[in-house]
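Below is one structure; the comments refer to it alone.
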Amino acid sequence: MIVAALRKKLAYEARKWAEAGSVPLPENLALNAPPAHVKADISLPWPLAAAKAAKKNPVELAKSLAEHLSKVPEVESAQAAPPGFVNIVVKQTALCANLKAITLAPKSYGADEDGPKTKVLVEFVSANPTGPLHMASGRGATLGDSLVRIMRRLGRQASAEYYVNDAGARVVLLGESIKARYLQAKGQEAAVPEKGYQGEYLADLAALAPPEAAGWDAEKWGRYAMDALLSSHRDDMKVFGVHFDRWYLESELFASGAVPKTLEYLKGRGMVFEKDGAVWLGTLNAEGSTDDKDRVLVKRDGKPTYFLPDIAYHKDKYDRGFERVIDVFGADHHGYVPRMKAAIAALGKPPESYHAIVHQLIHLYRGQEAVKMSKRAGTFIPLRELIDEVGKDACRFFFALRTPDSHLNFDLELAKRQSSENPVFYVQYVHARIGSIFRKAAEAGLCAPGGEMPMPNARYLRDPEERALLNKLAWLPDVLLDCERLLSPHPLANYLMELAGLFHPFYEKCPVVAASDPEQGKARLLLIAGVRDAIREGLDLLGVSAPEQM
RNA sequence: GCCCCCGUAGCUCAAUGGAUCAGAGCACGCGCCUUCUAAGCGCGACAUCCAGGUUCGAUUCCUGGCGGGGGCACCA
1 MIVAALRKKL AYEARKWAEA GSVPLPENLA LNAPPAHVKA DISLPWPLAA
51 AKAAKKNPVE LAKSLAEHLS KVPEVESAQA APPGFVNIVV KQTALCANLK
101 AITLAPKSYG ADEDGPKTKV LVEFVSANPT GPLHMASGRG ATLGDSLVRI
151 MRRLGRQASA EYYVNDAGAR VVLLGESIKA RYLQAKGQEA AVPEKGYQGE
201 YLADLAALAP PEAAGWDAEK WGRYAMDALL SSHRDDMKVF GVHFDRWYLE
251 SELFASGAVP KTLEYLKGRG MVFEKDGAVW LGTLNAEGST DDKDRVLVKR
301 DGKPTYFLPD IAYHKDKYDR GFERVIDVFG ADHHGYVPRM KAAIAALGKP
351 PESYHAIVHQ LIHLYRGQEA VKMSKRAGTF IPLRELIDEV GKDACRFFFA
401 LRTPDSHLNF DLELAKRQSS ENPVFYVQYV HARIGSIFRK AAEAGLCAPG
451 GEMPMPNARY LRDPEERALL NKLAWLPDVL LDCERLLSPH PLANYLMELA
501 GLFHPFYEKC PVVAASDPEQ GKARLLLIAG VRDAIREGLD LLGVSAPEQM
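Using the working numbering, you'd call the opening residue of the first sequence number 1 and step up by one each time.
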């Protein structure tokens with residue numbers, strides 16, 4: 001809370017200072033965490049950024065700004081540092097008050113943070129119900145779910161949605177595939193269609209079919225398989241700790257007539273033309289479009305392509321009042337992004353209201369051996385198998401730790417080991433250790449369970465290890481804003497690693513229950529309560545559990 | 001051929017254009033368990049693919065290479 005709140009004050013004062021001295025400050029006044037060798041809590045590069053335009057010496061500017069900012073109540077000291085930084089030490093009382101804010105009212109911060117209260121919709125996973133979810137969906141699920149949780153934490157109205165492609169030709173194709181499996185099991189001659197779904201899972205599903213299945217046609221078989229697979233998707237997401245506010249069926253979209261209505265709407269906007277007997281969307285020349293060609297909406301045979309109902313679905317998102325629309329895609333769909341953006345523009349929506357998060361593929365290994373994933377070939381690794389092997393917590397933390405842009409190497413053998421090589425233990429262990437200290441403290445009568453936590457006495461918590469934790473805790477809300485800005489939970493996961501890394505040395509050097517001065521012990525107890533709550537909070541936002549003991 | 005992503009320590013990854021110290025974890029070397037969990041801590045080694053450019057300042061931005069991954073349908 002303190003860093004985010006303090007930024008406003010510092011920025012306000014800096015603008016006043018800049019105005020008085022006619023110094024052109026940059027639009028974006030960001031704060032830096034200073035490097036390790038600088039003994040300060042917050043660092044401002046603002047004078048450096050302004051120096052050139054002002055034609056002044058950056059160090060002189062920094063000195064002047066530092067003097068001005070040292071009057072801010074929460075600031076202990078503000079010092080200029082070459083080549084033009086202002087380094088700020090925050091008052092101990094302010095950091096202690098921040099600790100109380102985290103400990104007592106963890107739900108209070110965020111509500112008054114920067115940023116609009118816009119309604120935002122995050123769509124993710126949206127896998128076709130033609131096979132089990134595979135592990136790439138796990139990455140998308142981690143991204144989307146964590147992002148929604150973080151945005152809600154920041155006071156946004158965020159919703160999660162899963163779009164189910166349950167209509168179209170694939171139902172029959174799926175039906176033909178599973179029917180072939182069924183007949184094969186009966187000893188009859190039957191082949192899965194060449195372009196059909198080859199995975200063994202269909203044989204398993206066929207074996208579970210009721211007796212009357214003998215008389216089913218391909219369509220009926222397709223419905224049966226799709227229902228079962230969709231149900232497994234729901235189960236997988238539940239086990240993975242992922243919540244969707246709505247599972248939006250493509251068939252609903254067709255039933256509501258939204259598809260032809262959307263086509264008419266686009267025609268009315270003059271974005272549609274006919275060529276070669278087909279109906280096209282002018283994505284090539286749509287405003288702000290980066291697409292490299294026009295796209296077909298209705299095929300020559302009169303049937304819509306997948307693109308048209310997708311546009312109808314996105315139109316529906318806006319029609320339902322969402323002002324910000326975020327789609328999470330795997331890298332294999334990245335080519336889809338420019339045309340979707342063009343479609344948003346064609347709908348007349350502001351292009352900046354739409355964001356596509358494209359996460360790169362996961363490279364899966366078993367030890368040294370690369371495992372190829374292919375849904376068609378049926379040799380993919382199902383997400384469920386991954387969860388069963390390495391656990392939900394490790395899986396989600398591992399996925400959350402990387403930026404979506406990075407190609408992720410996931411070694412099943414390594415992840416299965418459940419040793420310290422897995423960073424999630426590093427963080428969870430801190431939570432468990434603190435739980436242990438609290439149990440000891442309760443035995444020693446140092447704290448009443450569930451008792452209210454007062455603000456720690458600011459005379460204490462001045463050791464480097466204590467101070468480092470106080471400082472780190474102050475950055476948590478800022479980290480959440482980073483996650484929102486970057487549309488990724490990875491800054492939070494990395495923050496938790498760093499926080500955990502600061503706790504362990506504290507633990508070694510600063511006894512809590514056994515502190516020589518009982519008052520100091522009390523203050524430390526309040527400090528680690530803050531650490532515990534921050535970790536619990538952070539892990540919860542990532543969908544990872546925070547065990548009391550391990 | 002065109003488009004997207006990546007290239008940082010032995011390995012897996014961080015770092016809104018900032019600091020003579022580019023951070024973690026694992027692995028490696030040396031220490032540390034009569035005291036709140038050694039799944040830990042301290043210390044030590046080890047890195048920005050190459051070449052230009054922009055800038056007071058580049059891992060970050062631009063151009064061109066090199067290397068790896070993915071995508072380019074009137075399929076879904």
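By construction, the Cβ of each residue, glycine as well, lies at the ideal position given by its N, Cα and C atoms. Nothing here was measured: the structure is a model prediction, and the numbers come from that model.
Exposed or buried, residue i, counting other C-beta atoms within 10 Å across all chains shown (16 or more means buried)?
| i | result |
| --- | --- |
| Val239 | exposed |
| Gly110 | Caution is warranted here: a pLDDT of 45 is assigned to Gly110, below 50, making its placement in the model unreliable, and the coordinate value is therefore given only provisionally. Result: buried. |
| Ala523 | buried |
| Leu205 | buried |
| Asn32 | exposed |
| Leu409 | Note on residue identity: the sequence assigns Asn, not Leu, to residue 409. Answer is exposed; the Cβ neighbour count stays below 16. |
| Tyr163 | buried |
| Leu499 | buried |
| Met550 | exposed |
| Tyr313 | buried |
| Asp114 | Its pLDDT being 49, under 50, Asp114 is placed unreliably in this model, and the value from its coordinates should be taken loosely. So Asp114 ends up on the exposed side. |
| Asn57 | exposed |
| Thr262 | buried |
| Gly131 | buried |
| Tyr12 | exposed |
Locate the beta strand (DSSP E) running through residue i, then write down its first and last residues.
| i | result |
| --- | --- |
| Asp411 | 408-411 |
| Gly330 | 324-330 |
| Ile150 | Run containing Ile150: none in the beta strand (DSSP E); it sits in the alpha helix (DSSP H), 135-153. |
| Ala432 | That residue, Ala432, is in no beta strand (DSSP E); its alpha helix (DSSP H) goes 423-443. |
| Glu161 | 157-164 |
| Tyr365 | 362-366 |
| Lys119 | 119-123 |
| Glu274 | 272-275 |
| Leu461 | Careful: Leu461 lies outside any beta strand (DSSP E) and carries neither H nor E. |
| Trp280 | 278-281 |
| Glu76 | 75-81 |
| Ala356 | 354-359 |
| Leu44 | 42-44 |
Just to confirm before moving on: does the CB-CB distance between residue i and residue j stay below 8 Å?
| i | j | result |
| --- | --- | --- |
| Lys195 | Leu174 | no |
| Ala218 | Glu176 | yes |
| Val3 | Asp478 | yes |
| Gly241 | Lys392 | yes |
| Cys483 | Gly138 | no |
| Ala225 | Leu253 | no |
| Leu526 | Leu95 | no |
| Val272 | Leu281 | yes |
| Pro309 | Ile357 | no |
| Ile434 | Val531 | yes |
| Val120 | Met151 | yes |
| His431 | Pro547 | yes |
| Ala50 | Pro26 | yes |
| Leu383 | Leu133 | yes |
| Ser488 | Leu143 | yes |
| Ala345 | Ala441 | no |
| Ser70 | Ala80 | no |
| Lys153 | Leu486 | Per the sequence presented here, residue 153 reads as Arg, with Lys not at that position. Result no, Cβ atoms of Arg153 and Leu486 do not sit closer than 8 Å. |
| Pro129 | Leu229 | yes |
| Gly335 | Leu361 | no |
| Gly348 | Arg269 | yes |
With respect to the alpha helix (DSSP H) encompassing residue i, which residues constitute its N-terminal and C-terminal limits?
| i | result |
| --- | --- |
| Trp17 | 2-21 |
| Asn87 | Segment 85-90 is the beta strand (DSSP E) holding Asn87; no alpha helix (DSSP H) there. |
| Glu389 | 383-390 |
| His68 | 58-69 |
| Gln520 | 518-541 |
| Leu202 | 201-207 |
| Met340 | 336-346 |
Please tell me whether, using a cut-off of 7 Å, the distance from the CB of residue i to the nearest non-hydrogen atom of the ligand PLP is below it.
| i | result |
| --- | --- |
| Pro82 | The ligand PLP is not part of the structure shown, which contains no ligands of any sort. |
Touch test, the segment 180-197 against the segment 137-155, Cβ-Cβ under 8 Å, three pairs minimum: no
Given 8 Å, three or more beta-carbon pairs between the segment 462-481 and the segment 500-507: At 8 Å Cβ cutoff, the stretches touch.
Touching by the beta-carbon criterion (3+ pairs, under 8 Å), the segment 493-502 and the segment 65-76: No, the segment 493-502 does not touch the segment 65-76.
Uninterrupted alpha helix (DSSP H) stretches inside the segment 216-260 (no shorter than 4 residues): Runs of the alpha helix (DSSP H) inside the segment 216-260: 218-239, 250-255.
Ranges of the beta strand (DSSP E) found wholly within the segment 284-320, counting only runs of at least 3: Complete beta strand (DSSP E) runs here, min 3: 295-298.
Complete runs of the alpha helix (DSSP H) confined to the segment 165-190 [at least 4 residues]: Runs of the alpha helix (DSSP H) inside the segment 165-190: 170-185.
The segment 77-88 touching the segment 45-53, judged by at least three CB pairs closer than 8 Å: Yes: the two stretches touch, three or more of their Cβ pairs being nearer than 8 Å.
Entirely enclosed alpha helix (DSSP H) segments - the segment 474-525, minimum 4 residues: 476-486, 490-509
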